[in-house]
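Colleague:
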Amino acid sequence: MCRRLLRRPRWRRRACRGARAGRPDDVAWHPRNAGGKAIVSSVALRSPPGERGCGMRHVLAADIGGTQMRAAVVREDSTILARMSAPTAPAEGFEAATERLALLFQQVAARALAPDLLAIGIATAGPVDPTDGTYRHPPNLEGWHGRSMAPVLAETLGMPVRVGHDATLAALAETRWGARAGAKHLIYLTVSTGIGAGIIVDGRPVLGASGGAGEVGHLIVNPGGGKCAAGCPGCLEGSASGRAIALAARAVVESGERTSLTASATAVDVFAAADAGDAVAGSIIGDAIGHLASGIASLLAVFDPEAIVLGGGVAEALASRWDALIEAVQERALPRYAAGVPVELTALGDEVGLLGAALWAFDEA
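Mapping of the sequence shown onto numbering that gives the first Met the number 0: residues 0 to 364, in sequence order.
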């Protein structure tokens, strides 16, 4: 097994005169006018035919999570020209979130000065139907079931829109632009607030009959254990996600165990306490590692991949404990996989979702 250190792609300045490269910390969100209403005009973002700059194609890409949505202009060589973010705020309603994203696209396109915007690709927490972008009971985007942003964005911005599951598109990015570029069989496992996977078989993403493939967070790894946000008891997401780690911390605090943790501790707090020597926090992280390893071992047996690549906040936090994760996987996996299939952190950093969304759009353009 090999451990791959997390690396972020370089932010490169365009060779074309007059363009500006985005910065990783670009945030410019001005959603409301004096009347308190979000401002989104209907405007086509396609550039005139004569303005084709360097001759490379460009697309708009978005990555929508339960907390934050990000938008970027991406060139076909994987260069991110500009990136901006805004809160997802699903509780404010689907229409408000769609309006926020439309405005974010307009802002990031203006900042990048990119010619020839061909299409829009959106990577989103799901499940989501890839044929029309309709959400199917997304546990982390409450109230969005049965809705699709694609028609409104296509009409507002004047270009085709393609929507896919965030983990699936991240897996696509790994096989095109990541450390495993060229891989035909790969699994991208996102371990964050929730857990999901993108699965590439024979060079193609596995989507399933209704776009629900890859919901591996609901594999049962801990019978009788905690429930995920969707209510499945003992599943991987309910046992090893950021949400599960936080709930485990609350449970031990309420039980009266001696610990530096508080009932409001987040997964970040638990990792910090474990690093500081808190035995209870260390035990919570150790349990999560074991359950995650069980899920990885199952994926190895089912899909026979060339590699499993992990991303997401919890996966990144496990970097200092990677040897423990690999050891736990080796204890649980079939011998043929335990010694021969790399389990590693993504080299694309937190841009992996945006890059996957861009590829999804380029494939449509």
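In this text, a Cβ means the ideal position worked out from N, Cα and C, and glycines have one as well.
Note that this is a predicted model, so its numbers are computed, not measured.
Pick helix, strand or coil for residue 204, following the three-state DSSP scheme.
Modeller: Residue 204 falls in the strand class under three-state DSSP.
Colleague: Taking the C-alpha atoms as reference points, what is the distance between residue 115 and residue 95?
Modeller: Approximately 28 Å, taken between the alpha carbons.
Colleague: Rounded to whole angstroms, what is the Cα-Cα separation between residue 91 and residue 359?
Modeller: If I take the Cα positions, the gap works out to 28 Å.
Colleague: Please classify residue 334: does DSSP put it in a helix, a strand, or coil?
Modeller: Residue state, collapsed to three classes: helix.
Colleague: Identify, in the order they occur along the chain, each residue of the same chain with its Cβ nearer than 7 Å to the Cβ of residue 226, setting aside the five sequence neighbours on each side.
Modeller: Contacts found: 232 and 237.
Colleague: Going by beta carbon distance, what residues of the same chain come within less than 6 Å of residue 151, once the five residues before and after it are set aside?
Modeller: Cβ within range, chain order: 97.
Colleague: Per DSSP, residue 161 forms a beta bridge with which residues?
Modeller: According to DSSP, which records beta bridges pairwise, residue 161 is partnered with 120.
Colleague: Which runs of the beta strand (DSSP E) spanning at least 3 residues fall entirely within the region 207–283, listed in chain order?
Modeller: Within the region 207–283, no complete beta strand (DSSP E) run reaches 3 residues.
Colleague: Using the rule of at least 16 other Cβ atoms within 10 Å of the residue's Cβ for burial, across every protein chain shown, is residue 357 buried or exposed?
Modeller: So residue 357 ends up on the buried side.
Colleague: What does the alpha-carbon distance come out to for the pair residue 329 and residue 345?
Modeller: So the alpha carbons of these two residues sit roughly 20 Å apart.
Colleague: Taking DSSP as the reference, what is the three-state secondary structure of residue 372?
Modeller: Summary: the structure shown does not reach residue 372, with the chain confined to residues 0 through 364, and so no result is reported for it.
Colleague: Is residue 168 close to the ligand FAD? I mean its beta-carbon at under 8 Å from any heavy atom of the ligand.
Modeller: Judged by which ligands are present, the structure shown has none, so any question about the ligand FAD falls away.
Colleague: Does the distance from the C-beta atom of residue 258 to that of residue 274 stay below 9 Å?
Modeller: No, they are not a contact pair.
Colleague: What is the DSSP secondary structure of residue 189, counted as helix, strand or coil?
Modeller: Strand at residue 189.
Colleague: Would you mind listing the alpha helix (DSSP H) stretches within the region 80–133 that are 4+ residues and don't spill past its ends, in chain order?
Modeller: DSSP runs (the alpha helix (DSSP H)) wholly in the region 80–133: 93–111.
Colleague: Grouping DSSP H, G and I as helix and E and B as strand, with all else coil, what is residue 69?
Modeller: In this structure, residue 69 counts as strand in the three-state DSSP scheme.
Colleague: What's the call for residue 256, buried or exposed, on a 16-neighbour Cβ count within 10 Å?
Modeller: The residue in question, residue 256, is exposed, as its Cβ has fewer than 16 Cβ neighbours within 10 Å.
Colleague: Give the secondary structure of residue 312 by DSSP, where H, G and I count as helix, E and B as strand, and everything else as coil.
Modeller: Reduced to three states, the DSSP call for residue 312 is helix.
Colleague: What number of angstroms, rounded off, separates the C-alpha of residue 266 from the C-alpha of residue 118?
Modeller: Distance between the alpha carbons of residue 266 and residue 118 is about 37 Å.
Colleague: Helix or strand or just coil, what does DSSP make of residue 146?
Modeller: Note: residue 146 maps to coil in three-state DSSP.
Colleague: Output the boundary residues of the beta strand (DSSP E) element that contains residue 141.
Modeller: No beta strand (DSSP E) holds residue 141; DSSP gives it neither H nor E.
Colleague: Count the other CB atoms within 10 Å of the CB of residue 317; is the residue buried (16 or more) or exposed (fewer)?
Modeller: Flag for residue 317 reads buried.
Colleague: Could you work out which residue in 171, 234 and 177 is closest to residue 214 when comparing CA atoms only?
Modeller: With distances taken between Cα atoms, residue 214 lies closest to 234.
Colleague: Ends of the beta strand (DSSP E) at residue 350?
Modeller: Premise fails: residue 350 is in no beta strand (DSSP E) and is neither H nor E.
Colleague: Tell me the rounded alpha-carbon separation between residue 355 and residue 254.
Modeller: Between residue 355 and residue 254, the C-alpha separation is close to 43 Å.
Colleague: Within 8 Å, do at least three Cβ pairs link the region 307–323 to the region 187–203?
Modeller: The region 187–203 vs the region 307–323: in contact.
Colleague: With DSSP as the reference, please indicate the residues paired to residue 62 in a beta bridge.
Modeller: In DSSP, residue 62 forms a bridge with 69 and 122.
Colleague: Tell me whether residue 343 sits in a helix, a strand or coil according to DSSP, three-state version.
Modeller: Strand at residue 343.
Colleague: Taking just the CA atoms, how far does residue 269 sit from residue 126?
Modeller: Their Cα atoms are separated by approximately 28 Å.
Colleague: In three-state terms, what does DSSP make of residue 182?
Modeller: If DSSP states are grouped into helix, strand and coil, residue 182 belongs with coil.
Colleague: On the CB-based measure, 16 or more other CB atoms within 10 Å of its CB, does residue 107 come out buried or exposed?
Modeller: It is buried - the Cβ of residue 107 has at least 16 other Cβ atoms within 10 Å.
Colleague: Could you tell me whether the region 205–220 touches the region 289–303, using the rule of 3 or more Cβ pairs below 8 Å?
Modeller: The region 205–220, when compared against the region 289–303, does touch it at the 8 Å Cβ threshold.
Colleague: From the DSSP output, read off the bridge partner residues of residue 57.
Modeller: Residue 57 pairs with 74 and 116.
Colleague: Per DSSP, what kind of secondary structure is residue 318 in: helix, strand or coil?
Modeller: In the structure shown, residue 318 sits in a helix (DSSP, three-state: H, G or I).
Colleague: Check the C-beta distance from residue 324 over to residue 347 and give it rounded, since I have them as a contact under 8 Å.
Modeller: Not quite, the Cβ-Cβ distance comes to about 19 Å (not below 8 Å), so this is no contact.
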